[in-house]
Amino acid sequence: MLDASCSWTERKACPACGQSSDKNPIFSQALMEFRRCASCNSIYAARSPQQATLDRLRLDQIALTEAQGDRGDREFEFTSLLNWISLTEARLVRKLDRVMDIRFASQALAWPEATDRLSHNRAWEFLLLEPDSNDFAGLRAAITRAAPTAILMPAELDRVANPEALLVALKEVLPSGTVIFVASSCADGLEYEILGADSPSFVPLDRLTMFSVKGFEDLTTRLGLRVIEVSTPGRLDAVILDRYFKSAETSTIPFWSSFFREADKNRLRDLQILLQRSLKSGVMRFVLET
Ligand SMILES: [Zn+2]
């Protein structure tokens, strides 16, 4: 944000449903301004930096994580992603044997190794892009080369400068009938509804656009992508809210303060299941088809 060479683009409309920004209330978090769309409930940074700048920052972050040797235990997440693909494959009765994983300069380091170990029935390709232009020329070329039957994009939608441009690039370069798995944070999550900008999962620059379910459905449908499946399988909303309300310096919020003060493990589990089933968890997954 302090880098004078970085130019920022004002976002004149909601990146999901297209409603004009002057209708969407503004709030700030960690020196950045965000808007919450009054029509579709998506949250988005009022201004976004260039994609190349974001990619460079991520490459620096990876170098740092690698230097610290911090690979983290993400086994549960890996298994969950692989199960997601297997279940969809079974439901569509279609072989998804070549999957391309797209992460813009923010590769989960243990993920390729995990697919080696856990996923024997399909070929994997990992695309780690160098700082790219806003039209994703590098991405287009790599996809044409690899000709995948499915794309997995588990982390990048909320971080790219222009999510619509990314989806357009995918749509234009992928043959019709290709399946795209997208996971992203979800603005409908109860955590964001209750805590708004105070939510601990609200990380500026990592969260430039947080789509609502409706907003993302609007956008993908407008771009001519078919929505095959929507879910919000997040596991942590109840735990995060519980931690927030049980900490000392919390202001009182009607209903929720006492709900969490008195909550035991069973209540938290029940709430989490309810959130998942009613599409109100902070993580969403979409299966799309070109
Ligand atoms: Zn909107």
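Under the working numbering, the residues of the sequence shown are numbered -14 to 275, in order.
Built from N, CA and C at the ideal position, the CB exists for glycine as well.
Worksheet entry | Bounding residues of the beta strand (DSSP E) (the contiguous stretch that carries residue 14) | 11 to 14
Practice prompt. Give the secondary structure of residue 126 by DSSP, where H, G and I count as helix, E and B as strand, and everything else as coil.
Written response: helix
Fill in: Buried or exposed (CB count within 10 angstroms, at least 16 for buried), residue 27
buried
Item to complete: Please check the pair residue 64 and residue 103, which I expect to be a contact at CB under 8 Å, by giving their CB distance rounded to whole angstroms.
Response: 7 Å
Worksheet item: Which residues in the same chain have their Cβ closer than 7 Å to the Cβ of residue 312, if we skip the five residues on either side of it in sequence?
Response: There is no way to answer for residue 312, as the model of the chain reaches only from -14 to 275.
Discussion item. Measuring straight from C-alpha to C-alpha, what distance separates residue 274 and residue 130?
Written reply: 20 Å
Item to complete: Check whether the Cβ atoms of residue 265 and residue 174 lie closer than 9 Å to each other.
Response: yes
Discussion item. Would the stretch 174 to 186 count as touching the stretch 131 to 143 if we require 3 or more Cβ pairs under 8 Å?
Written reply: no
Practice prompt. Confirm, please, whether the CB-CB distance from residue 138 to residue 201 is below 9 Å.
Written response: no
Worksheet item: Using 8 Å as the Cβ pair cut-off and three pairs as the minimum, do the stretch 161 to 169 and the stretch -11 to -1 touch?
Response: no
Worksheet item: DSSP puts residue 21 in a beta bridge; with which residues?
Response: 28
Practice prompt. Given a cut-off of 9 Å, decide if residue 126 and residue 193 are closer than it, judged by their beta-carbon atoms.
Written response: no
Discussion item. Could you tell me which whole alpha helix (DSSP H) segments of length 4 or greater appear in the stretch 190 to 272?
Written reply: 198 to 207, 222 to 231, 241 to 246 and 250 to 262
Worksheet item: Going by beta carbon distance, what residues of the same chain come within less than 7 Å of residue -9, once the five residues before and after it are set aside?
Response: 34, 35 and 38
Worksheet item: In chain order, what residues place their C-beta within less than 6 Å of a heavy atom belonging to ligand 1?
Response: -1, 1, 2, 4, 22, 24, 25, 27 and 200
Worksheet item: residue 111 by DSSP, collapsed to three states: which one?
Response: strand
Item to complete: Round the Cβ separation of residue 215 and residue 198 to the nearest angstrom and send it over; I've been treating them as touching at under 8 Å.
Response: 6 Å
Worksheet item: If residue 272 and residue 213 are in contact, beta carbons under 8 Å, what's the gap, nearest whole angstrom?
Response: 4 Å
Fill in: Cut-off 6 Å between Cβ atoms - residues of its own chain near residue 4, not counting five sequence neighbours on either side
22 and 24
Worksheet entry | residue 89 to residue 121 span [Cα, whole Å] | 10 Å
Practice prompt. Report buried or exposed for residue 287, applying the criterion of at least 16 other Cβ atoms within 10 angstroms of its Cβ.
Written response: There is simply no residue 287 to check, as the chain begins at -14 and stops at 275 in what is shown.
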